[in-house]
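Student: Can you read through this structure? Questions will come right after.
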């Protein structure tokens, strides 16, 4: 199990941790940098590993430490979801990124013409 930092989340490392099949416990804070791991956990279907606050982090970690069956089930779910996880589908990501660039270009052209 991995524990995320609260002020500045693990970002790309969160995706790597999950890809390796390791459960990650994170708690979103106010800044974007402190919420990214929670977004990654949601996209991987592991919202149950998102704690509401520091007390919740402790409670969740202790529960997972003392519940090997639940922990094993989470590890299996992470492994099963790995192939369908959008974050690691490069072609899908590239297509969405390209569409975003064209949308930004269209917006720029439409606002520049005025």
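Numbering (our numbering), first residue to last: 15 to 128.
For each residue, glycine too, the CB sits at the ideal point set by N, CA and C.
(1) State buried or exposed for residue 82, treating a residue as buried only when at least 16 other CB atoms are found within 10 Å of its CB.
(2) Tell me the rounded alpha-carbon separation between residue 93 and residue 67.
(3) Based on the DSSP output, what are the partners of residue 39 in its beta bridges?
(4) Are the beta-carbon atoms of residue 23 and residue 48 separated by less than 8 Å?
(5) Pull up the CB-CB distance for residue 17 and residue 75, whole angstroms please, since I reckon it's below 8 Å.
Tutor: Considering the structure as presented:
(1) When all chains shown are included, residue 82 counts as exposed.
(2) About 27 Å.
(3) BP columns for residue 39 point to 17.
(4) Result yes, Cβ atoms of residue 23 and residue 48 sit closer than 8 Å.
(5) About 7 Å; that satisfies the 8 Å criterion.
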